[in-house]
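Q: Below is a structure I'd like to ask you about.
Here's what the structure looks like:
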């Protein structure tokens, strides 16, 4: 039995990478992009989309019961409780 919270840790590590790359991308867009409203607009759209995806994933994460476990073998360890009728 593997706790499902391991998936949360993996997902949070992925979100950390997304945030790191977002800072990297915004810096390079603003530093090396052509100065103008188009560059600022693209940067704003990028930040809004990333922020919306993070908020949507946070909303979905809050609805999950993280105390559940994953059963890899497809059967319950309690052999006396096989039939449920």
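In this note's numbering, the protein residues as written are 7 to 91. No residue lacks a Cβ here, since even glycine has one placed at the ideal position from N, Cα and C. Quantities reported herein were computed from a predicted structural model and do not represent experimental measurements.
(1) Within a Cβ cutoff of 7 angstroms, which residues of the same chain sit near residue 23, ignoring the five residues on either side of it in sequence?
(2) Where does residue 88 sit, in a helix, a strand or coil, going by DSSP?
(3) Using the Cα positions of residue 14 and residue 60, report the straight-line distance between them to the nearest angstrom.
(4) So what does residue 21 bridge to, in DSSP terms?
(5) Have a look at 8, 38, 66, 32 and flag the residue whose alpha-carbon is nearest the alpha-carbon of residue 54.
A: On the basis of the data shown:
(1) For this step, residue 23 is matched to residue 17 along the chain shown. Take residue 23, set aside five residues on each side of it, and no residue of its chain has a beta-carbon closer than 7 angstroms to its own.
(2) Within the chain shown, numbered from 1, the residue matching residue 88 stands at position 82. Model confidence at residue 88 stands at a pLDDT of 46, short of 50, so the residue's coordinates are unreliable; what they give is reported in the following sentence. Coil at residue 88, not helix or strand.
(3) Here residue 14 refers to the residue found at position 8 when the chain shown is read from its first residue. Here residue 60 refers to the residue found at position 54 when the chain shown is read from its first residue. Using only the alpha carbons, I get a separation of about 14 angstroms.
(4) Counted from its first residue, the chain shown places residue 21 at position 15. Looking at the DSSP assignment, residue 21 forms no beta bridge with any residue, so it has no partner.
(5) Position 48 of the chain shown, counting from 1, holds the residue named residue 54. Residue 32 is the option with its Cα nearest to residue 54.
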